[in-house]
Structures are given as C-alpha cells and as structure tokens.
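> Numbering (my numbering), first residue to last: 87 to 217. Beta carbons: idealized from backbone N, C-alpha and C, even for Gly.
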Amino acid sequence: MFVNLKNKMKCQRGFTLIELLVVIAIIGVLAAIAVPKYVNSIASANTAKVQADLSAIDTASQLFMSNSGGAVPANIAALVPTYLAVAPTPPTGNYIIGGATKNAAIAYGINGDGRGIATIGNSTYTADTFH
87 MFVNLKNKMK CQRGFTLIEL LVVIAIIGVL AAIAVPKYVN SIASANTAKV QADLSAIDTA
147 SQLFMSNSGG AVPANIAALV PTYLAVAPTP PTGNYIIGGA TKNAAIAYGI NGDGRGIATI
207 GNSTYTADTF H
C-alpha cells in the first residue's frame with residue numbers, strides 16, 4: 087500500500103513556472119485593459135448625472151417662473167419640495183468636460199435667467215454646455 091502511494095506521488099505534477107508566468111501575464115494584460123475602461127465609465131456616469139441634475143433644475147425653475155409671474159427663484163432651495171422632491175447633489179469623483187477627465191468640486195445654483203448652473207472653480211456651465 088505504501089509503495090502504491092509513493093508511485094502516485096511521483097506521477098503527480100504541478101504547474102511549471104513558465105505556465106504560471108504566462109497566466110499571470112495574461113491576467114495583467116486583461117487588468118490593464120479593464121481598469122481604464124472602468125474608470126472612464128464612472129466619469130461618463132458622473133457627467134450624465136450632472137447633465138440630468140441641471141436639466142431637472144431648469145425644468146423646476148421654468149415651472150417656478152411660470153407660476154410666479156416670471157420671478158426667478160433665488161436658489162435651488164426655493165424649488166424644494168414644490169418643484170423638486172429634493173435638492174440634487176453633485177457627484178464626487180471624476181467627470182468629463184471638454185473632452186478631458188477632471189476631478190474638482192461642483193456646486194449647483196441658478197443664474198439670472200433661471201437656468202441651472204454647475205460652478206467648477208471659476209467656470210460656470212449649463213446643461214447645454216456641460217459635456
């Protein structure tokens with residue numbers, strides 16, 4: 087019985103070092119392709135959320151102005167809860183603007199025309215220009 091067990095142990099073979107290195111290299115190549123795609127998809131989703139938030143603010147502001155005889159809402163809080171269920175909050179993380187991926191704080195507001203705006207540093211964007 088012990089002789090039979092010794093023979094079985096001698097016949098068993100594991101993976102060679104080359105086989106393991108090839109598998110690790112393949113996993114590395116797949117990760118190098120997948121990670122940037124994942125990061126870019128998050129930035130695209132954040133960009134779409136900002137555009138959707140600004141469009142919602144625009145719509146709520148237009149309703150406010152039509153119900154108040156053309157008066158522009160002072161801020162987003164003036165639209166809640168009658169015209170917006172909750173005040174939208176900007177996403178955190180990367181977003182794409184002007185073809186470049188950026189990561190900076192975004193603040194929402196309303197301009198003098200009643201349009202929803204996103205302020206990033208010294209730049210201001212509307213739903214039409216944030217892309």
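In the DSSP assignment, the alpha helix (DSSP H) including Ile143 goes from what residue to what residue?
In the sequence shown, the residue the question calls residue 143 occupies position 57. Note, Ile143: alpha helix (DSSP H), Leu103 to Asn153.
> Excluding sequence positions up to five away, which residues of its chain have a Cβ less than 8 Å from the Cβ of Thr133?
In the sequence shown, counting from the first residue as 1, residue 133 sits at position 47. Excluding sequence neighbours, Thr133 sits near Tyr181, Ile182, Ile183, Phe216 and His217.
> Give me, in chain order, the residues of the same chain whose beta-carbon lies closer than 7 Å to that of Lys220; leave out the 5 immediate sequence neighbours on both sides.
There is no way to answer for residue 220, as the model of the chain reaches only from 87 to 217.
> Let me check understanding here. Comparing Cα to Cα, which of Val158, Ala138 and Val166 lies closest to Ala204?
Taking the first residue of the sequence shown as position 1, residue 204 is located at position 118. Ranking Val158, Ala138 and Val166 by Cα distance to Ala204 puts Ala138 first.
> Spell out whether any CB of chain D is found under 8 Å from the CB atom of Pro122.
The structure shown has no chain D; it contains just one protein chain.
> Note down the Cα distance separating Ser209 from Leu140, rounded to an integer number of angstroms.
For the purposes of this step, residue 209 is taken as residue 123 along the sequence shown, with counting starting at 1. For the purposes of this step, residue 140 is taken as residue 54 along the sequence shown, with counting starting at 1. If I take the Cα positions, the gap works out to 15 Å.
> Is the distance from the Cβ of Gly195 to the Cβ of Ala213 below 8 Å?
As a working mapping, residue 195 is identified with position 109 in the sequence shown. As a working mapping, residue 213 is identified with position 127 in the sequence shown. No, Cβ-Cβ distance for Gly195 and Ala213 is not below 8 Å.
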